[in-house]
Structures are given as C-alpha cells and as structure tokens.
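Peer 1: Pasting a structure below so you can have a look.
Protein chains: 2
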Amino acid sequence: MVATHGGFCFGVKRAVDIAFKAVKNSEPRPMFTLGPLIHNPQVVEQLEREGIGVIQSLSEIGGGKGDPVVIIRSHGVPKGTLKEAKERGIEILDATCPFVKRAQSIVESLAGEGYLILVLGDEFHPEVQALLSYGDGNATIWDGTLSQGVKKVAMVSQTTQPLENLKRAAREVVESLSRDLAEFRVFNTICESTTTRQNECASLARKADLMIVVGGANSANTGRLAEIARSIQPRTYHIETEDQLDPGWFEGIKRIAVTAGASTPDWIIERVVARIVEKTGGSIRYGAGN
Amino acid sequence: MVATHGGFCFGVKRAVDIAFKAVKNSEPRPMFTLGPLIHNPQVVEQLEREGIGVIQSLSEIGGGKGDPVVIIRSHGVPKGTLKEAKERGIEILDATCPFVKRAQSIVESLAGEGYLILVLGDEFHPEVQALLSYGDGNATIWDGTLSQGVKKVAMVSQTTQPLENLKRAAREVVESLSRDLAEFRVFNTICESTTTRQNECASLARKADLMIVVGGANSANTGRLAEIARSIQPRTYHIETEDQLDPGWFEGIKRIAVTAGASTPDWIIERVVARIVEKTGGSIRYGAGN
C-alpha cells in the first residue's frame, strides 16, 4: 500500500518550483537558499547542481558576491532576517509556505493585542523560531506550564504538528482558566495536508505488517510520521533512500505500506516502491482502502 | 460553621442599594422592577412595602401609570427591552451587575467579529436570555454539540456557573478543533464571588456532617450551591427561611455548616444561624478553617 497523501506538500512543492524557476528565468547571478530549501538532502543536492547554494546566515553574503538573490524556504525566517535583507538591499525571493505565513500573521496580530502567545512545536525548528519572532517578545514555546497572573493567552501550532498534540495542549491551558486567566484563544494553524497525511499514515499502519516512512533523517515532519506509525505498528522503518531498504525486513511479511514526509520528492518515493516490488514480487495498491 | 462568602454578592447588594436609594431620593412616583429584583421572595416583599412593584414586561406600563421608573435587575435584560424603553421614553434605572454587563459586551463585540457564540448556562435564566440577545442571532446555548462547518467559535459563561462546568465545556469544544474549526476562544466570565463562594461551599461540605444552604427556592445560584454541597455531603438541605429548619435533622449531628446564595440577605442568614444555635446549643464559627 502506497500513501496517496505522502510526499511533497503544497508549500514544499511551491518552494521547490519557485527555486527551479528562478534559476531558469534569471540572468546568471549568485543564488542561495537561507538554510537548506527543504529537509531532504537529495533535493538539496539537485538544487546545488543547478547552481543554488546554501548559506546559513545573511552575513555570509559580502561585497564580493555580486548581486545575489536569497530564497526564503517554506519554513519562513525570523522577522529580523527579512528586515536585515531589506536594509542591506539584498533581493529576497520569499517561498515561505502560505500556511506558515498565515500562522506568522496571526502571531503578529495577537502580539499587538496584548496576548501571551504560546507556540506548540519543536523549539529549535526553523518554522517555530520564525513564528516566535513575530510575537515581538510576547511569544514563547508551550512547555506545559503557564506563568501566574497572565490575563489573556493565545495558542498557535507549528503547521506540521499532529492535531492531537494541539488538542491536548489546549485542554491543558483550559485547565488553567481561573480568576486571573480570563481569556484563552486557540488557533488551529496546522495545515490540512499535515492532518490528512498523518491520518492516512495511521490508517496504513493499522493495516500493514510493516511500514516504511521515506524522508530526510533531519525532517521533523517525517520523523513525526514515523512516530505515529510506530505507535501503531512497531515494525516501522524511517529511511531516506531505497538503498537503506534491508531485504531481510520483508521475510514473512504480507502487507507493506509506504508513506513519505512533506519534503520527500515523488521520484524518491517511486524508487523506494520499485525496490520493494523488486525484492518481494508484490503488487502496488494506492491508499489505505476501507 | 458559617460561610464567610455566603449571602449578597457585589452585584446583588448594588442592585438592592440602587432600588432602596431610588425610593428614598425620588419624589413619589411609580417605581417597578422588571421581574423580581432578586430571586429572594423575602427581599421582594420588603421592596413592595417600600412601594416598588414588580412588572413582568414593559407592556404593563400604560398611559395611566404616571411617569414611571423601571429598575433593571442585576441579571440584566435583553437588548430589545432597553431599546423599547428608550423608544417609549420610559426612564430606566439600570442595576445590571457590572460583571454581567462585561459578559454582555463581550458577546456583543464577538457577534460583530463573526464568531458563533456559545453561552454556557441555564437556557431559561434571565441573565442567559439577556446574554443571548447581545449575540444578535449568532449566540446559542451550549448543548454539547457543535454544528458542522463553523470556522470561529467563542464561549462565554453565565456569571454564576461553577468554573468546572466552563472548563468541561471548553474541553469539549477543543475536541472539535478540525480542518473546519480554525479558532476557539473562551472567556471566563464567571464572577469572582461565585467561584469563591462555591469553593468555600465545597470546603464546608467536606467538613460538615450536615449542610444548610439558604436562599430562594427559585434562585439558580443557590440551587447550584446546594448541588455542589450535596455531591460531597448528601445530608444537605436547601431552605428559604429559618422556619423550614426541622429540628429532627440535627439529631446525632456534630458539625453543621451554613452557606447562602448571592440573593440571600444577611438578616435571613442570621436568623437561620440563630435558630440552629437555639435548637442545638452549639457555637458559631465562621469560615471553613483549615
């Protein structure tokens, strides 16, 4: 069984398209992504072959680098980075996912209305770092505790969190309603494709005897898919490419399911599926069925 | 043990003061409360002796009634009633509790922002009826179910609900966060004195062998206190006056606790306590202690 909702999500596909089109349509000039465009080493290598390098910080762009274009990846960047680019006259090609942008603008407007903003997500993930920056000092990562005396609290989520995590966190804040805490506001900023993908992943895991999750080892959303699958089907493997498939895994296994993270291109998924078919002689079916 | 937080709450005390002062300071003119000023028959009788009658609707005020003043009780009235009074030139003395007013203005502003407003409370209670009216057709009583396709939901509470009810209801809405339901907002509009009174009532019930809750049989908040007490100490009696005390209740009982609803005047509580002391020979202690 191969997931119908695995692989590139809307925002990632859009960012990759923006990058490849930029190379094709522009005069030759230096082009960089700020951090790897997506958390998939195979795609990053492809971009490098096209002449799009990776920088970690705007400070790497000096006077000697011509007239560079900097591509903002789908995760977005902290507010200050865009400001710095503007001040220094660096041209920006903003491929921030529209769903991430929406979350950023919610955080920004909440900050202006006096809320303490709780962000549910992986503290060190670039999307979350960017989200926090839009809180202008009034946003903090949700760690399960609420400081005393806060009157208005709002919660947003990293776009790739499982909806269950957001519900659990929101329930925890509801428990804190008190004489002091007079208002709580929660925004479901999880993008649709995350929820669909994660639900399908769980359905597949319930039906499969073995589950393969394909995606960058450094991809948080792929890691989360593997976690979801593993909690249902312990025989779950997170791999980056078909070469990591171990034929020994398939012995005595009937139903194998494959899904992939939002930053995994179709061609990698296809190679993984082809290798499984080759090794097991099985047939392919799409979706989790009924 | 006698509750230190029993009896008149801020809003009720204020409404009663407003009514008695109005009689004292005004030229003789017809004066009415719209509905009984508070849910306590003994106080309503007192007001009648002072010349403040009760009408159920503005339609009862005709041309023949002189130049009447209508007192709005602490529960507030539907938006349309205030409008009607204004249009008909009827003088209004608004004794709506400031905490209720706050809840009304929250509902009004949410309605203007496109929220579906869920009101937690007793559907037929005048405070709730008034609150709903401020939603301009976008407010509904919370009955545990949420219609499909709603994008933004907000919840407010009748000011006298137990905080636990609001938390439970809010948790239920959090469970409905979905692809559709993108925002949920909850306001703790429960007034402080309700929470303090109910917490103290529970503490007293845990320590007492018998619990007396004093207040109008038609007082919802007194009824709720009795429920809270009864869930802890089944030997709980809800009475209006000392004459309803049955000396048989006290046989073999050591610790008796007394609390009272927000619409119960001190003099009634004092009479109840005096009668208990008379019948049992016990002594009085205030508060639930440690």
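Going down the list, the sequences are from chains A and B. Letter 161 of the first sequence, counting from 1, is numbered 161 in my numbering, and no numbers are missing. Each position in the second sequence, counted from 1, maps to that position plus 1000 in my numbering. For glycine and all other residues, C-beta sits at the position ideal for the given N, C-alpha and C. All values reported here derive from a predicted model rather than from experimental measurement.
(1) On the three-pair Cβ rule with 8 Å, is the region 103-113 of chain A touching the region 130-138 of chain A?
(2) Using only the alpha-carbon positions, how far apart do A/I55 and B/A1111 sit?
(3) Is the number of C-beta pairs between the region 206-217 of chain A and the region 21-32 of chain A that are closer than 8 Å three or more?
(4) Look up A/S193 in the DSSP assignment and say whether it is helix, strand or coil.
(5) Name the chain A residues whose beta carbon is nearer than 8 Å to that of B/V1174?
(6) How many Å lie between B/D1266 and B/A1274 at the Cα?
(7) Do B/M1031 and B/V1069 have their C-beta atoms within less than 8 Å of each other?
(8) Grab me the residues of B/L1166's own chain with a C-beta within less than 8 Å of its C-beta, minus the 5 sequence neighbours each way, in chain order.
(9) So which residues of chain A does B/L1163 contact, with C-beta pairs closer than 7 Å?
(10) Would you tell me roughly how many angstroms separate the C-alpha atoms of B/A1226 and A/S74, rounded to the nearest one?
(11) Using a 10 Å radius around the Cβ and a threshold of 16 neighbouring Cβ atoms, would you call A/F124 buried or exposed?
(12) Taking B/V1277 as the reference, give the member of B/I1071, B/I1253, B/L1082, B/K1013 with the closest Cα.
(13) On a Cα-Cα basis, can you pick out the residue from A/I228, A/N221, A/R88 that is closest to A/S203?
(14) Listing by chain order, which chain B residues have their CB less than 8 Å from the CB of A/E183?
(15) So, using beta-carbon positions, are A/A260 and A/G89 closer together than 8 Å?
(16) Could you confirm whether any beta carbon from chain B is found closer than 8 Å to the beta carbon of A/T33?
(17) Rounded to the nearest angstrom, what separates B/V1016 and B/M1001 at their Cα positions?
(18) Kindly list the residues whose CB is nearer than 6 Å to the CB of B/I1141, restricted to its own chain and excluding five residues on each side of it in sequence; keep chain order.
(19) What are the start and end residues of each continuous beta strand (DSSP E) run of 3 or more residues lying completely inside the region 1059-1091 of chain B, in chain order?
(20) Would A/I239 be called buried (16 or more neighbouring beta carbons within 10 Å of its own) or exposed?
(21) Applying the criterion that 16 or more other CB atoms from any shown protein chain within 10 Å of the CB defines a buried residue, is B/R1197 buried or exposed?
(22) Does DSSP put B/V1002 in a helix, a strand or coil?
(23) When you compare the CB of A/E192 with every CB in chain B, is at least one pair closer than 8 Å?
(24) In this structure, how does DSSP classify A/V139 when only helix, strand and coil are distinguished?
(25) Determine whether the Cβ of B/T1195 lies closer than 8 Å to any Cβ atom of chain A.
(26) In terms of alpha-carbon separation, which member of B/Q1046, B/G1137, B/G1114, B/T1195 lies closest to B/G1080?
(27) Less than 8 Å between C-beta atoms, sequence neighbours within five positions excluded: which residues of the same chain meet that for A/L58?
(28) Buried or exposed: where does B/R1206 fall if 16 or more other Cβ atoms within 10 Å of its Cβ makes it buried?
(29) For a test of the three-state rule: what should DSSP assign to B/K1152, helix, strand or coil?
(30) Once DSSP output is grouped into helix, strand and coil, what is the label at B/E1183?
(31) Around the Cβ of B/Q1148, are there at least 16 other Cβ atoms within 10 angstroms (buried) or fewer (exposed)?
(32) Distance, Cα to Cα, A/V272 vs A/D246?
(33) Look at the Cβ atom of B/F1008, then the Cβ atom of B/A1262, and state whether they are nearer than 8 Å.
(34) Helix, strand or coil: which one does DSSP assign to B/D1094?
(35) Excluding the 5 residues flanking A/L181 on each side, which residues of the same chain have their C-beta closer than 7 Å to its C-beta?
Peer 2: A quick look at the data gives this:
(1) yes
(2) Your numbering for residue 55 of chain A matches position 55 in the first sequence. Your numbering for residue 1111 of chain B matches position 111 in the second sequence. So the alpha carbons of these two residues sit roughly 48 Å apart.
(3) no
(4) Along the first sequence, one-based indexing puts residue 193 of chain A at 193. Looking at A/S193 - three-state DSSP - the assignment turns out to be helix.
(5) Within the second sequence, residue 1174 of chain B is the residue found at index 174, counting from 1. Residues of chain A with a Cβ closer than 8 Å to the Cβ of B/V1174 are, in chain order, K167, A170, R171, V174, V186.
(6) Within the second sequence, residue 1266 of chain B is the residue found at index 266, counting from 1. Within the second sequence, residue 1274 of chain B is the residue found at index 274, counting from 1. Answer to the nearest angstrom: the Cα atoms are 12 Å apart.
(7) Taking the first residue of the second sequence as position 1, residue 1031 of chain B is located at position 31. Taking the first residue of the second sequence as position 1, residue 1069 of chain B is located at position 69. The answer is yes: Cβ separation under 8 Å.
(8) Translated into positions along the second sequence, residue 1166 of chain B becomes position 166. Cβ neighbours of B/L1166 beyond the five flanking positions: L1120, M1155, S1157, V1186, N1188, I1190.
(9) Taking the second sequence and counting its residues from 1, one reaches residue 1163 of chain B at position 163. Residues of chain A passing the Cβ test: L177.
(10) Position 226 of the second sequence, counting from 1, holds the residue named residue 1226 of chain B. Position 74 of the first sequence, counting from 1, holds the residue named residue 74 of chain A. Rounded to whole angstroms, B/A1226 to A/S74 spans 57 Å at the Cα level.
(11) The residue labelled residue 124 of chain A in the question sits at position 124 within the first sequence. Per the 10 Å Cβ criterion, exposed.
(12) Within the second sequence, numbered from 1, the residue matching residue 1277 of chain B stands at position 277. Minimum Cα distance to B/V1277 is reached at B/I1253.
(13) Walking along the first sequence from the start, residue 203 of chain A turns up at place 203. For A/S203, the nearest C-alpha among the options comes from A/I228.
(14) Sequence index remark: in the first sequence, residue 183 of chain A carries index 183 (1-based). R1185, V1186, F1187, N1188, listed in chain order.
(15) Your numbering for residue 260 of chain A matches position 260 in the first sequence. Your numbering for residue 89 of chain A matches position 89 in the first sequence. Cβ atoms of A/A260 and A/G89: not closer than 8 Å.
(16) The count along the first sequence starts at 1 and reaches residue 33 of chain A at position 33. No - not a single Cβ of chain B is within 8 Å of the one on A/T33.
(17) Here the question's residue 1016 of chain B lines up with position 16 in the second sequence. Here the question's residue 1001 of chain B lines up with position 1 in the second sequence. Using only the alpha carbons, I get a separation of about 27 Å.
(18) The residue labelled residue 1141 of chain B in the question sits at position 141 within the second sequence. Within the same chain, B/I1141 has close Cβ partners V1119, E1123.
(19) 1069-1072
(20) Position 239 of the first sequence, counted from the first residue, corresponds to residue 239 of chain A. Label assigned to A/I239: buried.
(21) Residue mapping note: residue 1197 of chain B aligns to position 197 of the second sequence, counting from 1. Flag for B/R1197 reads buried.
(22) Position 2 of the second sequence holds residue 1002 of chain B. Residue state, collapsed to three classes: strand.
(23) Here residue 192 of chain A refers to the residue found at position 192 when the first sequence is read from its first residue. It does; some Cβ of chain B falls within 8 Å.
(24) Reading the first sequence from its first residue, position 139 is the one you call residue 139 of chain A. With the sequence shown as reference, residue 139 of chain A is identified as Ala, and Val is not the correct amino acid for it. Correct three-state label for A/A139: strand.
(25) Here the question's residue 1195 of chain B lines up with position 195 in the second sequence. Chain A, which has a Cβ nearer than 8 Å to the Cβ of B/T1195, makes this yes.
(26) If you number the second sequence from 1, residue 1080 of chain B lands on position 80. Residue B/G1137 is the option with its Cα nearest to B/G1080.
(27) Within the first sequence, the letter at position 58 stands for residue 58 of chain A. Closer than 8 Å at the Cβ level, and outside the excluded window around A/L58, lie L34, V70, T81, E84, A85, R88, I90.
(28) Residue mapping note: residue 1206 of chain B aligns to position 206 of the second sequence, counting from 1. So B/R1206 counts as exposed.
(29) Within the second sequence, the letter at position 152 stands for residue 1152 of chain B. In the structure shown, B/K1152 sits in a strand (DSSP, three-state: E or B).
(30) Walking along the second sequence from the start, residue 1183 of chain B turns up at place 183. Here B/E1183 sits in strand by DSSP.
(31) Along the second sequence, read from residue 1 onward, the residue named residue 1148 of chain B stands at position 148. Within 10 angstroms of the beta-carbon of B/Q1148 lie fewer than 16 other beta-carbons, which makes it exposed.
(32) Along the first sequence, one-based indexing puts residue 272 of chain A at 272. Along the first sequence, one-based indexing puts residue 246 of chain A at 246. Distance between the alpha carbons of A/V272 and A/D246: 11 Å.
(33) As a position in the second sequence, residue 1008 of chain B is number 8, starting the count at 1. As a position in the second sequence, residue 1262 of chain B is number 262, starting the count at 1. The answer is yes: Cβ separation under 8 Å.
(34) Indexing the second sequence from 1 puts residue 1094 of chain B at position 94. If DSSP states are grouped into helix, strand and coil, B/D1094 belongs with the strands.
(35) Residue numbering aside, residue 181 of chain A sits at position 181 when the first sequence is read from its first letter. Correct list, in chain order: V150, K151, V153.
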